[in-house]
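Structure, as structure tokens:
Number of protein chains: 4
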Amino acid sequence: MGKGRLEAFSDGVIAIIITIMVLEMKVPHGENLAALMPLAPVFLSYILSFVYVGIYWNNHHHMLHAATHVTGGVLWANLHLLFWLSLFPFVTGWVGENHFGALPLAFYGGVLLMAAIAYYILQRAIMATQQENPVLAKAVGRDVKGKISPALYAIAIVSTAFEPKIAGAIYIGVALMWLVPDRRIERQMGA
Amino acid sequence: MGKGRLEAFSDGVIAIIITIMVLEMKVPHGENLAALMPLAPVFLSYILSFVYVGIYWNNHHHMLHAATHVTGGVLWANLHLLFWLSLFPFVTGWVGENHFGALPLAFYGGVLLMAAIAYYILQRAIMATQQENPVLAKAVGRDVKGKISPALYAIAIVSTAFEPKIAGAIYIGVALMWLVPDRRIERQMGA
Amino acid sequence: MGKGRLEAFSDGVIAIIITIMVLEMKVPHGENLAALMPLAPVFLSYILSFVYVGIYWNNHHHMLHAATHVTGGVLWANLHLLFWLSLFPFVTGWVGENHFGALPLAFYGGVLLMAAIAYYILQRAIMATQQENPVLAKAVGRDVKGKISPALYAIAIVSTAFEPKIAGAIYIGVALMWLVPDRRIERQMGA
Amino acid sequence: MGKGRLEAFSDGVIAIIITIMVLEMKVPHGENLAALMPLAPVFLSYILSFVYVGIYWNNHHHMLHAATHVTGGVLWANLHLLFWLSLFPFVTGWVGENHFGALPLAFYGGVLLMAAIAYYILQRAIMATQQENPVLAKAVGRDVKGKISPALYAIAIVSTAFEPKIAGAIYIGVALMWLVPDRRIERQMGA
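Residue numbers (the numbering used here), protein chains in the order written: chain L, 45 to 235; chain C, 45 to 235; chain R, 45 to 235; chain G, 45 to 235.
See the structure below:
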């Protein structure tokens with residue numbers, strides 16, 4: 045079975061997720077800076093989430109490029125990943141509207157953590173279809189970033205109990221770490 | 045006429061349906077657990093509906109894979125299915141916001157029942173185009189799950205008059221039954 | 045230049061239009077029939093608009109199937125059509141929320157009329173690219189339905205000043221007339 | 045790496061942006077002209093933004109047509125462009141709801157300016173992949189419109205401090221200037 049429709053459907057869902065997040069920035073009724081100011085934290089959390097969803101799309105793009113065929117298990121592992129990504133607009137809005145409060149930041153980290161786990165499961169499901177010619181396994185290699193990230197999200201979630209700013213800093217740091225695109229698969233597939 | 049655009053359009057509509065359902069989870073204004081709690085039933089109904097829409101996308105994907113060409117009748121049978129799927133966000137929100145009340149659960153079952161009937165009509169419309177080489181008919185076979193499901197939805201709708209919990213249990217049970225991907229078509233089409 | 049991306053973009057926009065119309069059916073807060081009843085006119089107008097957008101997608105699908113290449117003029121004629129289609133959710137919600145009042149029905153007809161004109165302009169723009177081999181011109185033929193519809197919409201708009209029910213009946217009648225898929229192009233292109 | 049998925053994802057995001065803008069036109073509760081009138085400025089700003097997003101889709105379409113392959117840098121430059129485009133619904137709604145006030149018009153210009161810069165960066169990123177066979181560089185040529193536009197947006201932003209109408213006139217003027225489709229790339233790529 046081809047992977048074209050899986051990619052198209054994922055593209056559609058991710059495109060909608062990344063776009064409807066902006067709907068959490070409600071148009072203010074006034075026209076001065078005072079009316080706009082309350083939106084500043086919503087805008088900051090929107091930028092962070094846009095980058096995260098962009099990273100997921102980017103890596104998903106690379107991973108499926110290295111996929112050779114699609115099984116029922118891969119389809120459901122992919123839907124599982126999309127489920128957690130679909131919660132981004134909600135936690136983004138919650139974090140933004142509550143000025144980076146502790147509990148919203150913990151839930152934000154929870155969604156990041158579950159999405160990272162879902163991504164890992166999808167990666168394993170695709171690898172399981174490539175036992176003879178492990179294209180993706182070679183490309184992924186040791187996958188240092190993929191293993192560090194969930195640990196950092198877990199630390200961030202715990203840290204919200206003490207100092208929410210630590211969690212915020214970790215989320216930004218992990219995003220910056222991933223902004224470097226995943227050249228491993230490109231190298232393996234390249235030329 | 046090719047089926048590519050039919051698949052692309054269906055993917056788009058299903059991707060939007062599965063994603064806008066999350067908009068029914070309104071961002072709470074408070075930042076504590078008390079503010080989040082009222083969303084628990086909305087979240088549970090979101091999970092169930094996400095799984096159902098995922099099942100439809102999955103089976104639609106398999107069915108159209110076995111379609112050989114597309115007629116005007118197939119196009120409209122497909123739009124008819126998409127119409128009933130498009131009501132998922134509404135009934136999901138209604139069930140969730142009213143804590144699994146009887147009438148919302150009955151309407152939820154009504155949408156499930158109509159979508160199942162629409163899926164069956166689409167299946168027949170595609171089969172009607174394959175009279176010489178019945179790829180889909182062979183693949184679908186006896187279609188036990190496709191025949192049991194509408195009966196179970198009907199029982200669930202009636203049960204809401206007595207005990208809404210029965211309906212909820214049936215909807216979850218049918219979803220679990222379908223989560224096993226439809227290997228029949230995969231087997232028939234397989235290499 | 046290929047027409048694939050034009051079709052993909054149009055599919056995306058039409059898929060979103062047909063799906064976000066359902067957001068006008070706001071989830072009621074009560075769980076009884078009394079809470080649901082006010083939504084009946086919104087639901088009826090949703091069905092009508094779903095059918096209209098489905099007709100446009102269907103005919104657009106056929107028309108672009110007969111297009112051979114895409115110019116800048118075709119791109120903009122297509123965007124012009126999408127603009128009028130994008131107003132469907134607004135007029136549908138307005139008609140539904142005001143129980144088929146005269147002015148909302150007149151505006152609904154106005155959007156139908158402008159979309160029909162935009163469709164005609166797009167058809168002419170595609171024909172203008174096929175002067176040597178007029179595939180689309182042959183397929184469209186006399187285009188009786190395409191010429192009657194705008195006249196009927198105009199009559200409906202005027203009729204709202206006297207009796208809004210006439211306009212509603214005309215919109216339903218034109219939709220039924222178009223539900224018969226456009227076999228002319230299919231025949232012309234057919235194997 | 046192919047550019048198909050990049051185009052598909054961009055099409056999806058742009059299709060959603062252009063469509064959800066219409067959601068800022070809230071359905072009025074009354075059914076007379078008085079209820080509709082407050083929406084006039086929202087409708088006007090919707091038309092202008094629809095044209096701008098259409099221009100971006102159009103030019104993006106042409107530019108990627110002239111792209112030969114896609115690198116990580118191109119992927120992120122594209123996401124950066126989509127980020128600024130995703131702010132169109134917000135600034136459009138803000139401008140419309142505040143009857144073309146000075147600050148909303150300045151922010152509108154800010155988003156136009158940032159999108160223009162992001163488009164330029166994407167253009168450079170694609171050109172950087174074509175050093176041996178500069179298809180895009182030849183096609184773009186001197187790019188007069190691409191260089192004038194940001195300057196005009198900057199003038200418009202400053203002008204809002206004195207007379208917001210100047211800014212509005214500039215935004216309309218630049219849109220009209222771009223409505224002439226970019227025939228340079230078409231000519232260069234043409235048969």
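Quick reminder that beta carbons are idealized off the backbone N, C-alpha and C, glycines included.
None of these values were measured; they are calculated from a predicted model.
Around the Cβ of residue i, are there at least 16 other Cβ atoms within 10 angstroms (buried) or fewer (exposed)?
i      : result
C:F206 : exposed
C:N76  : exposed
L:H113 : exposed
C:E176 : exposed
L:H104 : buried
R:V202 : exposed
R:A235 : Unreliable positioning characterises R:A235 in this predicted model, as indicated by a pLDDT of 37, which lies under 50. The coordinate reading is nonetheless provided below. Burial call: exposed.
G:R186 : exposed
C:R49  : buried
C:A111 : buried
G:M81  : exposed
R:V188 : exposed
L:P133 : buried
G:S73  : At residue 73 of chain G the sequence reads His, which differs from the Ser that was named. By the 10 Å Cβ count, G:H73 comes out exposed.
R:P208 : buried
R:A213 : exposed
R:I60  : buried
So what does DSSP say about residue i, is it helix, strand or coil?
i      : result
L:K189 : helix
C:I61  : helix
R:A219 : helix
G:G116 : helix
R:A110 : coil
R:G212 : helix
L:T136 : helix
G:N142 : coil
C:P194 : helix
G:Q167 : helix
C:G74  : coil
C:L83  : helix
C:R49  : helix
C:A205 : coil
R:M69  : coil
G:N103 : helix
C:A121 : helix
R:P178 : coil
Just to confirm, are residue i and residue j a CB contact at a threshold of 9 Å?
i      : j      : result
C:W101 : L:F127 : no
G:V66  : G:Y90  : yes
G:T115 : G:L149 : no
C:M171 : C:A160 : no
G:W138 : L:V71  : yes
L:A162 : L:A121 : yes
C:F94  : C:I58  : no
C:G153 : C:A211 : yes
L:Q167 : L:M221 : no
C:G56  : L:L123 : no
C:A183 : C:V118 : no
C:A198 : C:L147 : no
C:E51  : C:G140 : no
Relative to the C-alpha of residue i, which candidate in the options has its C-alpha closest?
i      : options                        : result
R:L276 : R:L129, R:L92, R:L147          : Outside the shown range of chain R, which is 45 to 235, sits residue 276 of chain R, and nothing can be said about it.
C:G190 : C:E51, C:V218, C:A213, C:T173  : C:V218
L:L88  : L:T136, L:E51, L:A183          : L:T136
G:I64  : R:P178, R:Y197, R:L131         : R:L131
R:H143 : R:L157, R:E51, R:L83, R:A213   : R:L83
R:L271 : R:I165, R:G140, R:F151, R:E141 : Limits of chain R in this structure are 45 at one end and 235 at the other, which puts residue 271 of chain R out of reach.
L:K47  : L:T173, L:G145, L:A200, L:F151 : L:T173
G:H109 : G:I216, G:A200, G:V179         : G:V179
L:L129 : L:I192, L:A200, L:V155         : L:V155
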